[in-house]
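J.:
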Amino acid sequence: MNIFKLFRNILLLCALLFGTLFLLFFEYKKDLAKASIKQQNTQLASEIFSLVSTPAVETIKINFQDEKTFPPPGWLKDAGEPFSNHPGIYEGSQLVYGWKNTADSMPVSLGGNGRARDEPEDVLLSTFIHMQADDINRLRYGTFNGTRVNGYWELKVLNGEYKVTVATGDGAIGKAKEIDCINVEGVKAISNFVPFGKLRSPGRFKTATVTVTVSDGYLTIDAEGGTNTKICYVEVEPVTIAPYLYLLPAAQNLLINKDLNENKSVAVKLGNSLKQDISYHLTANYSAGATNWLKFPANTLNGDKELLFDYSAAGKLPVGTYRVKLQASAPGFSTSSVTIQVNVVVNSRPYVIASIPENGSCMVNNTTIAANNLYLPAINGFTGGINNVTINNKTVKLLKMSNGNAEMVPGNVQGTGGGDAISFSPLHPLEPNAYYKFIITSGVKSYSGKSLIPYESSFSTATAPVDSSNILKAEFTKVSVPGTQNKKYTALTFGPDGKFYALKIDGGIERYKVDHTTGMLSGLEQINTMIKKHGKTTAIGLTFDIHSTAKNLIAWVSYSSSSGLTAAPMFDGNISRINGPKLENEQQVIVNLPRSTRDHMVNSMAFGPDSALYISIGSNSSAGNYDKGWQRNETLLAGSVLRLDIKKLNKIKWPLDVKTTANQNLINHASNVTAKMADGTYNPYSISSPLTIYASGIRNAYDMVWHSNGQLYIPANGSGGGGNSPASVKGTKRPNGTYYNGPAIAATQNVPVQHDWLFRVNPDKPVGYFGHPNPLRGEYVINRGFADNPVFAPNVKPDVNYRGAAYDFGFNKSPNGIIEYKSDAFNGALKGKLLICRFSGGGDIIVLEPGSKDKHRLLNNADTIYNIKHVASGIGNNGLVGMAGFANPLDIVEDVKNGNLYISEFNWNENPNLISQITLLKVKQPTVKQSIARIVYSNKH
Numbered sequence: 000m001n002i003f004k005l006f007r008n009i010l011l012l013c014a015l016l017f018g019t020l021f022l023l024f025f026e027y028k029k030d031l032a033k034a035s036i037k038q039q040n041t042q043l044a045s046e047i048f049s050l051v052s053t054p055a056v057e058t059i060k061i062n063f064q065d066e067k068t069f070p071p072p073g074w075l076k077d078a079g080e081p082f083s084n085h086p087g088i089y090e091g092s093q094l095v096y097g098w099k100n101t102a103d104s105m106p107v108s109l110g111g112n113g114r115a116r117d118e119p120e121d122v123l124l125s126t127f128i129h130m131q132a133d134d135i136n137r138l139r140y141g142t143f144n145g146t147r148v149n150g151y152w153e154l155k156v157l158n159g160e161y162k163v164t165v166a167t168g169d170g171a172i173g174k175a176k177e178i179d180c181i182n183v184e185g186v187k188a189i190s191n192f193v194p195f196g197k198l199r200s201p202g203r204f205k206t207a208t209v210t211v212t213v214s215d216g217y218l219t220i221d222a223e224g225g226t227n228t229k230i231c232y233v234e235v236e237p238v239t240i241a242p243y244l245y246l247l248p249a250a251q252n253l254l255i256n257k258d259l260n261e262n263k264s265v266a267v268k269l270g271n272s273l274k275q276d277i278s279y280h281l282t283a284n285y286s287a288g289a290t291n292w293l294k295f296p297a298n299t300l301n302g303d304k305e306l307l308f309d310y311s312a313a314g315k316l317p318v319g320t321y322r323v324k325l326q327a328s329a330p331g332f333s334t335s336s337v338t339i340q341v342n343v344v345v346n347s348r349p350y351v352i353a354s355i356p357e358n359g360s361c362m363v364n365n366t367t368i369a370a371n372n373l374y375l376p377a378i379n380g381f382t383g384g385i386n387n388v389t390i391n392n393k394t395v396k397l398l399k400m401s402n403g404n405a406e407m408v409p410g411n412v413q414g415t416g417g418g419d420a421i422s423f424s425p426l427h428p429l430e431p432n433a434y435y436k437f438i439i440t441s442g443v444k445s446y447s448g449k450s451l452i453p454y455e456s457s458f459s460t461a462t463a464p465v466d467s468s469n470i471l472k473a474e475f476t477k478v479s480v481p482g483t484q485n486k487k488y489t490a491l492t493f494g495p496d497g498k499f500y501a502l503k504i505d506g507g508i509e510r511y512k513v514d515h516t517t518g519m520l521s522g523l524e525q526i527n528t529m530i531k532k533h534g535k536t537t538a539i540g541l542t543f544d545i546h547s548t549a550k551n552l553i554a555w556v557s558y559s560s561s562s563g564l565t566a567a568p569m570f571d572g573n574i575s576r577i578n579g580p581k582l583e584n585e586q587q588v589i590v591n592l593p594r595s596t597r598d599h600m601v602n603s604m605a606f607g608p609d610s611a612l613y614i615s616i617g618s619n620s621s622a623g624n625y626d627k628g629w630q631r632n633e634t635l636l637a638g639s640v641l642r643l644d645i646k647k648l649n650k651i652k653w654p655l656d657v658k659t660t661a662n663q664n665l666i667n668h669a670s671n672v673t674a675k676m677a678d679g680t681y682n683p684y685s686i687s688s689p690l691t692i693y694a695s696g697i698r699n700a701y702d703m704v705w706h707s708n709g710q711l712y713i714p715a716n717g718s719g720g721g722g723n724s725p726a727s728v729k730g731t732k733r734p735n736g737t738y739y740n741g742p743a744i745a746a747t748q749n750v751p752v753q754h755d756w757l758f759r760v761n762p763d764k765p766v767g768y769f770g771h772p773n774p775l776r777g778e779y780v781i782n783r784g785f786a787d788n789p790v791f792a793p794n795v796k797p798d799v800n801y802r803g804a805a806y807d808f809g810f811n812k813s814p815n816g817i818i819e820y821k822s823d824a825f826n827g828a829l830k831g832k833l834l835i836c837r838f839s840g841g842g843d844i845i846v847l848e849p850g851s852k853d854k855h856r857l858l859n860n861a862d863t864i865y866n867i868k869h870v871a872s873g874i875g876n877n878g879l880v881g882m883a884g885f886a887n888p889l890d891i892v893e894d895v896k897n898g899n900l901y902i903s904e905f906n907w908n909e910n911p912n913l914i915s916q917i918t919l920l921k922v923k924q925p926t927v928k929q930s931i932a933r934i935v936y937s938n939k940h
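Start counting the sequence shown at 0; every next residue gets the next number (numbering that gives the first Met the number 0).
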C-alpha cells in the first residue's frame, strides 16, 4: 500500500511538473506571438512629415519609465516603444528613437517592461525599463509581467561627438539576479554594477558619463555583458556636430486646380551648416499614385540657395493627394529630407485651401485645429457653405500616429454658422511631443450635395511652456441637468425672483427653482408667451429689465419672426418686452431690425450702467460686401452694437420701426434732429432717435457684458474666409458724424479667414470702429488692414477710427456667451474675471483677466489697462478641470450664491455622439488630505 501511494505521488508530481512546463512553454509562445504582432505594427507605413526648421542642436533628455508616469519637466519619456518617429523639433524632422531586438536588430516593443517604484522620490531613479527581461527565470522568480526580450536602444542624431550620461539600478530589492552593464556606442559606461544596500539607498543606483563619437547617424545603448540590466535615464549632450544639410520649403501643403491650367512652383531653401559653397545631389521619392510631377530647377546647386521647384505637372493628375520626399546629400555632410504634399482639386467641388496648424508644423498651444479656408462653389438655388449636418466624428477625424498605428482622438467636431470652416476640439489636451493627422473625408458636403475633396494635414505637438500666472486653482464637476436633454437653449439667466430662466431657440422659456446646495433645477414651468403671440421664432436674447423685481417681473426678448436659419428676410429682427408673474404679457418694442440670410441676426442684449439697453446685431456678409456664401449686402444697422435709450423710447408709440434705407445719398444727408430719413425710413444719426449706433464694425457678437470696471466687453466672431470687402467712397457719412476723407481703399475678393476678437468699448470715448466694413457707414478697411487681409495693398493701414481689440482668440473659436464671475468661490481665484464660451475651436470655457478690475481716472484716454493680461483655457496642457469637452457651448450664467455655472450645450451639428442640454459646473470643494497607503509591488524583478 505504501509503495502504491509512493508510485501515485511520483506520477502526480511528474504530471504537475509536465503541466507547469507546458504552461510555461505556452506562455513563451504567446510572448513570441505578441512580440511578432508588435513588431509587425511597428512596420506599418506611416507618412511622417518633416518639420520645417533648421536642425536644433540641443541636449536630449529621455526618462525610461512606465506608460502612466509623467516625466519631469524638460524630459521626454520612453515607455518601451519600438524604434520609431517621435515628434519634436530636431534634425529638421521628428525625433526618432526607441528599442530594437538584440537578436535581429529589428524594431521591437518592450511594452510592459517599464516600472515605477514608490521610492526614491526622484522620478528619474524610481522609474526604469528592463533591457534584458529574457534573463528572468520564470521557474525561479515567477511570472514576469512584460515582454521577455533582450533589447538595445537607439536615438537618431546628427553625426558628431556627444557627452552621454546614463543611469541604472533599482531602488527596490528584488529576487531576480541583476548585474547592470551599459555600453554607449561600444564604450563601457557602467560595468558589472550590482545594486546594494537597503531599500531606496544610494547604493542601489549607478550613474556614469562618457564621451562618444557617432558616425552612422545613430547613438546606440546596449546592455551586453549584463544580466537583467535596468536603465533609468539618459542625457545626450552635443559636443561637436559634424556638418549637415537642411531643406526649408516655403510650404509643405501645396494646392493646384485642374480647371485652371496653372503654372505653379514652390520655393525650397537648400543650405548647409558650414555656409560653404558645395555641390548638392537631390533626389525625389514619390508616394504611390503618381511620379515625376515635380520638376527640378535647372540652375547649379552650389552654396545656400532658394530653389524653385515646378509642380505644374501635378495639374494633370486625377483629383487627390500626392506626396514627394525631397532628399539632399553631399560628401562629408549628413543628409536632409523633407516631404511635400500637393492637393489636386477642381472648381466643381468644395475643397480645403488651408488649415491650422499648417501641414508639417509643430503646434505649441494645443488649442485650434481647423480647416478655416474653404473653397465653396456657388450654385444657384442653394445656400452657400458647408452643410453642417454632414460634419461629424465619422467625416472629420483627428488621429494620433504612434509606431505606425493610428489612434482616434476623442473630440467635438463642428462647423460655423456661415458654413465656412470645419474645426475639431479635443476632449482632452493633446499630448506633448506627439504626432497627429487631421482628416476630412468626402462625407462632408455642401448644401447642394457636392462632396468635399478629401483632405489631410499632419502636425506634431511641442511641450507647451507653462505660464504659472495663468494657472488657476479652480475645479468644477460637470453634471448634466435632468430634463434639459435634446433641447436647444440660446440664453440662460437668473431672474430677480431667484429662479433660473432658459430661453429656447423657438421662443419658449423654461423657468426652474434652484437648489443652491446641489445645483439641481426642479419645478419646471413652461412660459410660451412668445410662441402664442408670434408662433415659433428664432429667439436669441433674454435679459431682465434693470428695474425688474421679484414682484414685478419684466424681461426683454430678441428674436426673428422667421423660424430657422436659412433664406431669412432682410429686416426680420424684433425685440419684445414681456411682464407679469408668469411673464404672460407681451409688447413688441422694436421691429424691422436687420439680419442675415442665416445665423447673424439680432443677438443678445444687456442693460448698461446708464440704464440703456445694448443690443448686438450681426453682419449681413462675410467681409463687408456681397459674397456668394451670405448672398446679402450690408444694411445701415448691421454688424454693430446698438444703444436703446429707454427714456426716449417711452416717449413714442410702440413698436419702433427701425427699417433703414440703402440710399447712400439720403444717409449722407441724414438729419441731426429728426428720427426719420427723407424717405420715411429710420435715422439712427439723430439726437432724438431712441436707437443709435454705439459700436460700429462688430461683425457678429453673440453676447456682451458690462464689467464692474465700467467697460463693455464683446466677444466677436471673425470672417471664416472667402468674403469680399468694399471699395471706399469719399464723403460717406460715418457713425461718429464725420464723413470719409481717408485714403482710397480698393475692393478685395476672397478675403482670408479672420481672427476672432474680444472687443472692449470705453463709454467715455466717442463711437469707434471695430473692423468689420460697412460701405453704408463709410467703413472699408477690414480689421488691421494688410496685416489681416494680405489681399489689400501693403500700404493699407487700419481705419483712423479703429479701436483694436482687448484680446485675440485666434482662428475659428466662435466666442459666444460671456459673464463676469462674481462669486468668492476658490478663494476669489475667478472673481472679476471674464468667462467665455468657445463654441467651435475649443468647445470649452476660457478665462480672461482684465488688466484692471476697477474703474480708474485715466490720463489722455490711455485705457489699455483694461485689456486682457492673463488667460487660462479649458483645453490645453494646463486646462481648467471641468471646463472643456462641451458640445458647442453657447451661453453661460453664474449662480452668484455659490459660484456654480450653467452652460448651454447647443450641439449645433446634431452630432449623434453628443447631446444638447444644460450642464451644471458645480464648484468642486478642496478635498481634505488623508494618509495614502503605499502600493508595494509584490513581484519585483
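Virtual Cβ for every residue (Gly too), placed ideally from N, Cα, C.
Go ahead and pull the three-state DSSP assignment for Thr548.
T.: Thr548: coil per DSSP, three-state reduction.
J.: Kindly identify the DSSP beta-bridge partner or partners of Glu778.
T.: According to DSSP, which records beta bridges pairwise, Glu778 is partnered with Asn773.
J.: Reducing DSSP to helix, strand and coil, say where Gln630 ends up.
T.: It is coil, neither helix nor strand.
J.: Quick check on the DSSP output: the alpha helix (DSSP H) that includes His533 runs from which residue to which?
T.: Note, His533: alpha helix (DSSP H), 528-533.
J.: Beta carbon of Ala166, beta carbon of Leu109: below 8 Å?
T.: No; because the gap between Cβ atoms is not below 8 Å, this pair is not in contact.
J.: Under 8 Å by Cβ, that's how I've got Gly168 and Cys231 pegged, so tell me the actual separation to the nearest angstrom.
T.: Contact flag correct, Cβ pair sits at about 6 Å.
J.: Just tell me which of Asn708, Ser687, Ile339 has its CA closest to the CA of Leu325.
T.: Taking only the C-alpha atoms, the option nearest Leu325 is Ile339.
J.: Does DSSP put Asn387 in a helix, a strand or coil?
T.: Helix.
J.: Work out the CA separation of Pro425 and Pro689 for me, nearest whole Å.
T.: Taking the straight line joining both Cα atoms gives about 45 Å.
J.: Please return the same chain residues whose Cβ sits closer than 6 Å to the Cβ of Gly898, not counting the five positions on each side in sequence.
T.: These residues qualify, in order along the chain: Ser822, Ala824, Val922.
J.: Got a sec? Which residues, its chain only, sit under 8 Å from Lys498 by beta carbon, not counting five neighbours each side?
T.: Result list for Lys498: Arg510, Tyr511, Lys512, Val513, in chain order.
J.: Considering only the beta carbon of each residue, do Ser234 and Asn182 sit closer than 8 Å?
T.: The displayed chain sequence assigns Glu, not Ser, to residue 234. Going by C-beta atoms, Glu234 is not nearer than 8 Å to Asn182.
J.: So the beta strand (DSSP E) Val480 belongs to, where does it begin and stop?
T.: Where Val480 is concerned, there is no enclosing beta strand (DSSP E), given that its DSSP letter is neither H nor E.
J.: If you drop the 5 nearest sequence neighbours on each side, which residues of the same chain put their C-beta closer than 7 Å to that of Phe475?
T.: Here the set comprises Val880, Gly881, Met882, Leu900, Leu920, Lys921, Val922, Lys923.
J.: Taking the alpha-carbon of Pro849 as reference, which of Gly816, Asn708, His771, Ser915 has the nearest alpha-carbon?
T.: Selected option, being the one with the closest Cα: Asn708.
J.: Run through the DSSP bridge pairs and tell me what Arg837 is partnered with.
T.: Paired residue(s): Pro814, Asp843.
J.: Taking the alpha carbon of Thr680 as the point to measure from, which residue in Asp117, Lys658, Lys162, Arg147 has its own alpha carbon closest?
T.: Closest option to Thr680, Cα to Cα, is Lys658.
J.: Label Phe195 either buried or exposed according to how many other C-beta atoms from any shown protein chain fall within 10 Å of its C-beta, with 16 as the threshold for buried.
T.: Its Cβ having fewer than 16 others within 10 Å, Phe195 is exposed.
J.: Answer with buried or exposed for Glu455, where buried requires no fewer than 16 other C-beta atoms within 10 angstroms of its C-beta.
T.: That one is buried.
J.: If we count the other Cβ atoms within 10 Å of its Cβ and call it buried at 16 or more, is Leu273 buried or exposed?
T.: Looking at its Cβ environment, which holds fewer than 16 other Cβ atoms inside 10 Å, Leu273 is exposed.
J.: Kindly confirm or deny that the stretch 802-818 and the stretch 412-427 touch, where touching means at least three C-beta pairs closer than 8 Å.
T.: In short, these stretches touch, since the Cβ pair count reaches three.
J.: Bridge partners for Trp705 per DSSP, in chain order?
T.: DSSP, once it has assigned bridges, lists Leu711 as partnering Trp705.
J.: Do Gly314 and Ile240 have their C-beta atoms within less than 8 Å of each other?
T.: No. Outside cutoff.
J.: By DSSP's criteria, Val556 is part of a beta bridge. Which residues make up the other side?
T.: Answer is Leu541, Ser575.
J.: State the Cα-Cα distance for the pair Tyr779 and Lys764, rounded to the nearest angstrom.
T.: Their backbone Cα atoms lie some 21 Å apart in a straight line.
J.: Which residue wins for smallest C-alpha separation from Ala804, given the options Ile864, Ile438, Leu775, Pro774?
T.: For Ala804, the nearest C-alpha among the options comes from Ile864.
J.: Are at least three pairs of beta-carbons, each pair with one atom in the stretch 146-162 and one in the stretch 103-117, less than 8 Å apart?
T.: With a cut-off of 8 Å, the stretch 103-117 and the stretch 146-162 count as touching, because enough Cβ pairs lie within range.
J.: From the DSSP output, read off the bridge partner residues of Asn826.
T.: According to DSSP, Asn826 bridges with nothing at all.
J.: Say whether the stretch 338-353 touches the stretch 253-263, bearing in mind that this needs 3 or more beta-carbon pairs closer than 8 Å, one atom from each stretch.
T.: With the cut-off at 8 Å, the stretch 338-353 and the stretch 253-263 touch.
J.: What does the alpha-carbon distance come out to for the pair His129 and Glu66?
T.: Computed Cα separation, rounded: 14 Å.
J.: When the distance is taken between beta carbons, is Val601 closer than 8 Å to Ile577?
T.: No, the Cβ-Cβ distance between Ile577 and Val601 is not below 8 Å.
J.: I'd like to know if the stretch 715-723 and the stretch 750-765 are in contact, where contact means that at least 3 CB-CB pairs between them fall below 8 Å.
T.: A contact exists between the stretch 715-723 and the stretch 750-765.
J.: Would you call the stretch 440-454 in contact with the stretch 373-391, where contact means no fewer than 3 C-beta pairs closer than 8 Å?
T.: As far as the Cβ criterion goes, the stretch 440-454 touches the stretch 373-391, which means the pair count is three or higher.
J.: What distance in whole Å lies between the Cβ atoms of Pro888 and Ile844, which are believed to be in contact at a cut-off of 8 Å?
T.: That belief holds up - the Cβ atoms of Ile844 and Pro888 are roughly 7 Å apart, short of 8 Å.
J.: Over the uninterrupted beta strand (DSSP E) stretch that includes Leu269, give me the two end residues.
T.: 264-271 is the span of the beta strand (DSSP E), which, as asked, contains Leu269.
J.: Quick one: is Phe423 buried, meaning 16 or more other Cβ sit within 10 Å of its Cβ, or exposed?
T.: Phe423 comes out buried.
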